[in-house]
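Enquirer: Protein chains in written order, with the working numbering: chain A, 82 to 447; chain B, 44 to 346; chain C, 818 to 1127.
Cβ coordinates follow ideal geometry from the N, Cα and C atoms, glycine included.
Given the structure is predicted, the values throughout are model-derived calculations rather than measurements.
If you scroll down you'll find the structure; I have some questions about it.
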Amino acid sequence: MAQVSLRKVVKLYDQTPAVRGIDLEIADKEFIVLVGPSGCGKSTTLRMIAGLEEITDGQIAIGGDVVNDVPPKDRDIAMVFQNYALYPHMSVFENMSFGLRLKRVAKDEIRRRVDDAARILDITELLDRKPKQLSGGQRQRVAMGRAIVRDPKVFLFDEPLSNLDAKLRVQMRTEIKKVHQKVRTTTVYVTHDQVEAMTLADRVVVMNGGIIEQVGAPNDLYHSPQTKFVAGFIGSPAMNFLPCRIEEAAGALRVRLSDNLSFPVPEDRTARYKPHAGKTSLMFGLRPEHITEVPRHVEPNQHPFEVTIEVTEPMGMETLVYFTIDGTEICGRVNPNAGATDGGKMKLLADLNNMHIIDDTTARVL
Amino acid sequence: MTAVTASDAVAAPRPKYGSISKSRRWALRWSYFFLVLFAIFFLTPPIYMFITSLKSSAEISAATNPWWVFEPTLENYIELLTQNQYLIFFRNSAIVSVCVVSITMIISVLAAFALARMKFWGSATLATGVFLTYLIPETLLFIPLFKTFAFVRDTTGIELMNHWWTLIILYPTLTVPFCTWIMIGYFASIPKELDEAALIDGATWLQTLTKIFIPVALPGLIAATIFAFTVSWAQFLYPLAFTTSTDQLVLPVGIVTTLIKGDVFNWGQIMTGALLGAAPPLIIYAFLMDYYIAGLTAGATKG
Amino acid sequence: MADIAVSRAGTVNGAGGRTSLHRLMQRKSTVAFLMALPLITVIVLLVVYPAIYSLHLATLNKSMERFVGFGNFTFLFGRETFWLVVKQSCIFAITAVVFKALIGFVVAHFVHNIPSKGQRKWRGMLLVPWVIPPAMSTLAWLWLFDPSYSAFNWILALFGIDPVPWTGDAYWARFSVILVNIWIGAPFFMIMYLAALKSVPEQLYEAAAIDGATWWQRIWYVTLPMMRNIIAITTLFSLIVTFANFDIVRVLTAGGPLDHTHVFATWAFRVGIEGGDIPLGASVSLFMVPILAVAAWFILRDITKRGNEA
């Protein structure tokens, strides 16, 4: 049983806040991913959980025990570093067993645990090699093996895949997920890559500027972001944002994007947006995947509009199209056969079922 | 250069790469030519030492070609190595060097680890101070040290002068700063994650040092050891100033002061003694050249 | 220890974990300080203290009973030998360092030019002078310069040249001292330059070649600027070492003939240890400080500058 809980955790570096009071409850066996741009405090948070950074204020508990003053070795955690941090002078076996040997665990017990971990990670035949003789992916496995062998309460991963090439990264991502399914240890995983975050996590924690923007299951973050930052951070290409106004006419709401472009607001959102009618600080948000070519069959709340395409980017399975509305660049994703051409006119469809309205003064999604 | 341009002009119709490879070949020839010249310059004294060491006194004073041995003999070697005095010099040098190397390495590895990894109040200043002390030559310190030792004798009765083991106290001033400096450089180049991993694995600071840092920085450690050994083996000024009795001398001073008796120079023996005295550093250098050179360049390129 | 344990338990109950963690950090720095303590002891006791003590010594009279202020210095200024020593020390250091640097640079280039599998062997041979203890190798030079049996003079005689008084004549003796200095020091420059040459990326030369640079322009515009740091540091190091050198002059000429090869170190030894006038010897050696300080200041500036760039 190992929940991890952070209560009002603050970290100052010489009075500069890196983490400004975060609260987070991580359940037993959960896979949590901390994601955010560089400098958002995600690594600092992880290192505070590990005990590698002093906590300026607040409280961190692992398995119910407050660990603020507990040195890393007594926190019963294991950490996988970005550059693997394998001891270069030790063989894979020695690397994996170093912690156990320091604890004076019996020899055959060490052997058994290393063998088990090696089997899980499929590195049994590498045990006698030195890190120098391993490929990037293999080193990554060994680093994970070193964590597994210790059978800790919590796994901590600090951007473990960012030193791998793109193909290997995808492969190791799956690997990490499989390992977690096998060993079921509470895991805190830090990355700046939102795809990694979405694919791995039970719950994603989006951080920005030292605070938590939103915590939620990957799909929740995608479909109902709570802040403008999350809306823009999750999803690729990023969500389009446009200044807009909510207009009320004859009991129905319209969202106006420019002088000659406005859409009716879906009926189920009328009540939600009504109080904001007439405000000037609103942003309209719509993901590129919700701006498509006009299909044969149009659902409710999907509205066609015509634009001049400026640039097209064929991706194979789809084509990204770029156009501007009132000087703001907008991206859409259309079928490669929809006939988008550079500079050509095209009829597109906006799926307002997935629209968001953001109050730009509070940066919150309404 | 003129030769190259001339051949270029003659071989104008030929393809360009032909002349490139040709000029490269010439550059190579010139390089070898000058390297041989410089090698002669650099190796003449040691080779001449060797030539002289194989000669008898009679041959040395004969008016024959000094660059050739007509009747090679080992009598100089035999005489020196059976002579108690020379063996005492050698023993003194060996004990002093081994002790100094051990003391130096213990002091500088501990300090370098503390300075590179465990910041404490004034640690940055101390690191700079270490480097500065490395720049202070022994020629500036021997007179006040000489006086200080006399003072110690007068107040405590401990005679530090004229004992070979005094050198064990003195030599660390020459070796410790530099060794600490290059060990700081080597330790600082170890990624920080490695000690964090060790910390999480449950290693204490001392275990991190002995089980991670020392093995990983082993090349640097070897380089520093070689440096400490070479310096203490070659040191000339301190033993000359601080030791006088024949049985307390170390090799360099022993050879210079005892084998040169007044105006009677026994050059065969002097050269033999010097060659044997130069042998330990040379042998170490021959086997560990790469470490030796790494240590040499580390002082300026690291840190 | 008991005190600490008690007060520690107290703070945990009171103000929470912060203070005791703080104490832990303090303890870590205490451990670090203890680890650095032997180093500090050596530096303070055997370097800093004597350095300051020599300042004090320099202000005493010969029997070290009376304070004479700048008496020793004014006495030195009035002595011809002192000015000889100043002149010789500077000439030796500057000439030797310039030639060491030049020869080192040239040799490093030649070594760098040849195929890399042969480089190790040549490098190894050319560094031998630096490895032999200077006192020993200077003995070999002394024998090569021997007034009656000089092997060099024997070669010169083959060409009908009169014997050269290598260590007997003031000017020749100075030349010999500089020559031995160069012989010992040039390999060090060679090794440093070679390391620097290897660190210049090959693409820069390729780019320069495509831009139409001749080999001379490549050295001038690519090699030298890239090596500027190493050249500066090595030169300053060598300046310090050469300026403060003792072994070579002591063994080769012992300062003679007629003090015409004495440098600060050897003269300080002659006056202070052999002559028994310790305060005067200390005063002589103190004259090395200004030049050493300037060189050290430049080195330190250079190193901290590079530290900031990294």
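What residues from the segment 120-131 of chain B come within 7 Å of chain C, judged by C-beta to C-beta, listed N to C?
Expert: Within the segment 120-131 of chain B, no residue qualifies.
Enquirer: Tell me, please, whether the segment 1093-1112 of chain C touches the segment 210-221 of chain B by the rule of three or more beta-carbon pairs shorter than 8 Å.
Expert: Contact fails: fewer than three Cβ-Cβ distances are below 8 Å.
Enquirer: With 9 Å as the limit, tell me which residues of the segment 117-148 of chain A have their beta carbon closer than that to any beta carbon of chain B; keep them in chain order.
Expert: Correct list: 128, 131, 132 and 133.
Enquirer: How big is the Cα-Cα spacing for residue 847 (chain C) and residue 942 (chain C)?
Expert: Here residue 847 (chain C) refers to the residue found at position 30 when the third sequence is read from its first residue. Here residue 942 (chain C) refers to the residue found at position 125 when the third sequence is read from its first residue. If you take the alpha carbons of residue 847 (chain C) and residue 942 (chain C), they lie about 47 Å apart.
Enquirer: With 9 Å set as the bound, which would you pick, yes or no: does the beta-carbon of residue 170 (chain A) sit closer than that to a beta-carbon of chain B?
Expert: Here residue 170 (chain A) corresponds to residue number 89 of the first sequence, with the count starting at 1. Closer than 9 Å: yes.
Enquirer: At what residues does the beta strand (DSSP E) containing residue 121 (chain A) begin and finish?
Expert: In the first sequence, residue 121 (chain A) corresponds to position 40, counting from 1. Careful: residue 121 (chain A) lies outside any beta strand (DSSP E) and carries neither H nor E.
Enquirer: Excluding the five sequence neighbours on either side, which residues of its own chain have a C-beta within less than 8 Å of the C-beta of residue 147 (chain A), listed in chain order?
Expert: Within the first sequence, residue 147 (chain A) is the residue found at index 66, counting from 1. Excluding positions up to five away in sequence, the list reads 140 and 141.
Enquirer: Along chain B, which residues have their Cβ under 7 Å away from the Cβ of residue 930 (chain C)?
Expert: Stepping through the third sequence from its first residue, residue 930 (chain C) is reached at position 113. The answer, in chain order, is 70, 71 and 74.
Enquirer: Got a sec? Which residues, its chain only, sit under 6 Å from residue 292 (chain B) by beta carbon, not counting five neighbours each side?
Expert: For this step, residue 292 (chain B) is matched to residue 249 along the second sequence. Closer than 6 Å at the Cβ level, and outside the excluded window around residue 292 (chain B), lie 132 and 286.
Enquirer: In three-state terms, what does DSSP make of residue 54 (chain B)?
Expert: Walking along the second sequence from the start, residue 54 (chain B) turns up at place 11. Bear in mind that a pLDDT of 42 at residue 54 (chain B), under 50, signals an unreliable position, so the model cannot answer this.
Enquirer: In the DSSP assignment, find the unbroken alpha helix (DSSP H) run with residue 904 (chain C) in it and report its ends.
Expert: Locating residue 904 (chain C) in the third sequence gives position 87, counting from the first residue. 897-930 is the extent of the alpha helix (DSSP H) around residue 904 (chain C).
Enquirer: Any beta carbon from chain C within less than 9 Å of residue 169 (chain B)'s own beta carbon?
Expert: Position 126 of the second sequence holds residue 169 (chain B). Yes - at least one Cβ of chain C is within 9 Å of the one on residue 169 (chain B).
Enquirer: Quick one: which residues of the segment 255-269 of chain B get their C-beta closer than 7 Å to a C-beta of chain A? List them in chain order.
Expert: The segment 255-269 of chain B vs chain A, Cβ under 7 Å: 255, 258 and 259.
Enquirer: What is the DSSP secondary structure of residue 856 (chain C), reduced to helix, strand or coil?
Expert: Walking along the third sequence from the start, residue 856 (chain C) turns up at place 39. If DSSP states are grouped into helix, strand and coil, residue 856 (chain C) belongs with the helices.
Enquirer: What does DSSP give as the partner residue(s) for residue 339 (chain A) in the beta ladder?
Expert: Against the first sequence, residue 339 (chain A) aligns to sequence position 258. BP columns for residue 339 (chain A) point to A:342.
Enquirer: Candidates A:437, A:296, A:445 and A:103: which alpha carbon is nearest residue 323 (chain A)'s?
Expert: Mapped onto the first sequence, residue 323 (chain A) falls at position 242. When each option's Cα is compared against that of residue 323 (chain A), the closest is A:437.
Enquirer: My guess is that residue 102 (chain B) and residue 114 (chain B) are in contact by the Cβ rule of under 8 Å, so how many angstroms apart are they, rounded?
Expert: Your numbering for residue 102 (chain B) matches position 59 in the second sequence. Your numbering for residue 114 (chain B) matches position 71 in the second sequence. Correct: roughly 6 Å between the Cβ atoms.
Enquirer: Output yes if chain B places a C-beta closer than 9 Å to the C-beta of residue 1118 (chain C); else output no.
Expert: Indexing the third sequence from 1 puts residue 1118 (chain C) at position 301. Chain B, which has no Cβ nearer than 9 Å to the Cβ of residue 1118 (chain C), makes this no.
Enquirer: Our contact map puts residue 203 (chain B) next to residue 195 (chain B) with C-beta atoms below 8 Å; I'd like the distance itself, whole angstroms only.
Expert: Walking along the second sequence from the start, residue 203 (chain B) turns up at place 160. Walking along the second sequence from the start, residue 195 (chain B) turns up at place 152. That pair is a contact at about 6 Å.
Enquirer: Quick one: is residue 1022 (chain C) near chain B, going by C-beta distance under 9 Å?
Expert: Indexing the third sequence from 1 puts residue 1022 (chain C) at position 205. It does not: the Cβ of residue 1022 (chain C) has no partner Cβ on chain B nearer than 9 Å.
Enquirer: Helix, strand or coil for residue 1027 (chain C) per DSSP?
Expert: Counted from its first residue, the third sequence places residue 1027 (chain C) at position 210. Of the three classes helix, strand and coil, the one that applies to residue 1027 (chain C) here is helix, per DSSP.
Enquirer: Give the interface partners of residue 183 (chain A) over in chain B, defined as CB-CB distance under 7 Å, in chain order.
Expert: Position 102 of the first sequence, counted from the start, is the residue given in the question as residue 183 (chain A). Within 7 Å Cβ-Cβ: 244, 245, 246 and 250.
Enquirer: Run through chain B and tell me which residues come within less than 8 Å of residue 505 (chain A), C-beta to C-beta.
Expert: Lying outside 82 to 447, the shown extent of chain A, residue 505 (chain A) is not represented and no answer is given.
Enquirer: What do you get for residue 378 (chain A), buried or exposed, if any count of 16 or more other CB atoms within 10 angstroms of its CB means buried?
Expert: Stepping through the first sequence from its first residue, residue 378 (chain A) is reached at position 297. Flag for residue 378 (chain A) reads exposed.
Enquirer: Helix, strand or coil, according to DSSP, for residue 176 (chain A) in the structure here?
Expert: On the first sequence, residue 176 (chain A) is found 95 positions in, with the first residue counted as 1. Here residue 176 (chain A) sits in helix by DSSP.
Enquirer: Residues of chain B with CB under 8 Å from residue 154 (chain A), in chain order?
Expert: For the purposes of this step, residue 154 (chain A) is taken as residue 73 along the first sequence, with counting starting at 1. Near residue 154 (chain A) (Cβ distances below 8 Å), the residues of chain B are 242, 243, 244, 245 and 246.
Enquirer: By the 9 Å beta-carbon criterion, what residues does the segment 176-193 of chain B contribute toward chain C?
Expert: Hits within the stretch, in order: 176, 178, 179, 180, 181, 182, 183, 184, 185, 186, 187, 188, 189, 190, 191 and 193.
Enquirer: Using alpha carbons as the reference points, say which of C:1014, C:852, C:1042 and C:994 lies closest to residue 905 (chain C).
Expert: In the third sequence, counting from the first residue as 1, residue 905 (chain C) sits at position 88. Comparing Cα positions, the closest option is C:994.
Enquirer: Taking C-beta pairs closer than 8 Å, name the residues in chain B that residue 855 (chain C) reaches, listed in chain order.
Expert: Within the third sequence, numbered from 1, the residue matching residue 855 (chain C) stands at position 38. Within 8 Å Cβ-Cβ: 149, 150, 153 and 154.
Enquirer: Rounded to whole angstroms, how far is the Cβ of residue 317 (chain B) from the Cβ of residue 956 (chain C), which I believe are closer than 8 Å?
Expert: On the second sequence, residue 317 (chain B) is found 274 positions in, with the first residue counted as 1. On the third sequence, residue 956 (chain C) is found 139 positions in, with the first residue counted as 1. Confirmed, about 5 Å.
Enquirer: In this structure, how does DSSP classify residue 437 (chain A) when only helix, strand and coil are distinguished?
Expert: Locating residue 437 (chain A) in the first sequence gives position 356, where the first residue counts as 1. In this structure, residue 437 (chain A) counts as strand in the three-state DSSP scheme.
Enquirer: Do residue 117 (chain A) and residue 238 (chain A) have their C-beta atoms within less than 9 Å of each other?
Expert: Working through the first sequence from its first residue, we reach residue 117 (chain A) at position 36. Working through the first sequence from its first residue, we reach residue 238 (chain A) at position 157. Going by C-beta atoms, residue 117 (chain A) is not nearer than 9 Å to residue 238 (chain A).
Enquirer: Assuming residue 389 (chain A) contacts residue 426 (chain A) (C-beta within less than 8 Å), just tell me the rounded distance between them.
Expert: Position 308 of the first sequence, counted from the start, is the residue given in the question as residue 389 (chain A). Position 345 of the first sequence, counted from the start, is the residue given in the question as residue 426 (chain A). Contact holds; Cβ gap of about 5 Å.
Enquirer: Measuring alpha carbon to alpha carbon, tell me which residue in C:959, C:936 and C:1079 is nearest residue 79 (chain B).
Expert: One-based indexing of the second sequence puts residue 79 (chain B) at position 36. Of C:959, C:936 and C:1079, the residue nearest in Cα terms is C:936.
Enquirer: From residue 241 (chain B) to residue 251 (chain B), what distance separates their C-alpha atoms?
Expert: Here residue 241 (chain B) refers to the residue found at position 198 when the second sequence is read from its first residue. Here residue 251 (chain B) refers to the residue found at position 208 when the second sequence is read from its first residue. So the alpha carbons of these two residues sit roughly 6 Å apart.
Enquirer: Name, please, each residue of chain B whose Cβ falls closer than 9 Å to the Cβ of residue 314 (chain A).
Expert: In the first sequence, the residue the question calls residue 314 (chain A) occupies position 233. Under the 9 Å cutoff, chain B gives no residues; its nearest Cβ is about 27 Å from residue 314 (chain A).
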